[in-house]
Amino acid sequence: MKIAVIGAGKWGSALFNALSKKNDCVITSRTTRDIANFVSIDEALNAEILVFALSSQHTREFLQTHFVNKNQKILVASKGIEAVSGMFLNEIFENFMDAKNLAYLSGPSFATEVLAELPCALVISSQNLSLCDELGELFPGKYMKIYSSNDVIGAEICGAYKNVLAIASGVCDGLKLGNNARASLISRGLIEMSRFGKFFGAKDETFMGLSGAGDLFLTASSVLSRNYRVGMGLACKKDIKTILNEINEVAEGVETAKAIQNIAQKHCIYTPIVNEVVSMINGKSPTECLCDLLRKK
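Going by this note's numbering, the residue at position 267 of the sequence shown is 269; the numbering climbs one at a time, nothing skipped.
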């Protein structure tokens, strides 16, 4: 079967490279790229399997503009929450297609290392476990180990939340607070993420697995993470517009932080780290945020 990757950024390109090892694969994006096997959006959407690697904030617009449901099998490789509506990606996609054809990719995976074909383990989550197994077989077993899960909402929340916690971790390291502080922040962040996710029915084991702790530990501890670099920029007292211009990549955690805060306030979920991240994005001093966070229970 033909596979089309939708999104030709670093992550989409890494997935395209991996999937091309065993399959007939093409790639497309909203803007034309001079790369091998690049096709038009219309041609890509005729493929039997679609892999979405678009920014979460642009996903709905793309689906409304281009997508026609032809009973394709869909693997969503994006991570985030739509800031305007507060909707998870699975909720957005299910407005356009049947959930039985939808699956979600998560786990610790820097695009640069996947593109370099370094080993990694990932999770495919779906209400349809047979679809997880089918999609998992498409990846090269030589350097990618794929697990299956039916906890869609857990994978969605972990993938989105860890980006916000990575911003906080970048601030921590940017302020040179030390390894103890970073470890404390990440562990409390895992608890906060779990508390938020379990409100929506996510499973405990998801937070302790590759989608949760695995992806969080990776994203919150390396300059390869664009969200971590956002935090380092905030620690240097740069404004968010300057930071994003310097990074020149999408940092999903910025808009996701605002979405999580709005959802948490609506449902009275305690999210102190997210709240301080949003405050820093809005201009509050990182040092003041740290003091306020230490005073919280």
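Built from N, CA and C at the ideal position, the CB exists for glycine as well.
Being a predicted model, the structure only gives us computed values, none of them experimental.
Query, Result
"L220 - containing alpha helix (DSSP H), residue span", "D217 to T221"
"Boundaries of the beta strand (DSSP E) in which A6 is found, first to last residue", "K4 to I8"
"Range of the contiguous beta strand (DSSP E) that encloses D241", "Neither: D241 is in no beta strand (DSSP E) and is coded neither H nor E."
"R228, buried or exposed, once every other Cβ within 10 Å from all chains shown has been counted against 16", "buried"
"First and last residue of the uninterrupted alpha helix (DSSP H) at A123", "Premise fails: A123 lies in the beta strand (DSSP E), C122 to S127, not in any alpha helix (DSSP H)."
"Where Q59 falls, given that 16 or more other Cβ within 10 Å makes a residue buried", "buried"
"Opening and closing residue of the beta strand (DSSP E) in which Y149 lies", "M146 to S151"
"Start-to-end residues for the alpha helix (DSSP H) that takes in L117", "A113 to L117"
"Proximity to I159 [Cα-Cα], best of V279, E93 and A253", "E93"
"T273 in three-state terms, based on DSSP", "coil"
"N-terminal and C-terminal residue of the beta strand (DSSP E) that F54 is part of", "I51 to F54"
"Member of S127, L131, A259 and V279 whose CA lies at the smallest distance from the CA of A204", "S127"
"For V154 and W13, the rounded distance between their alpha carbons", "20 angstroms"
"Collapsed DSSP secondary structure at K72 in the structure displayed", "coil"
"Burial state of P121 (16 or more Cβ within 10 Å)", "exposed"
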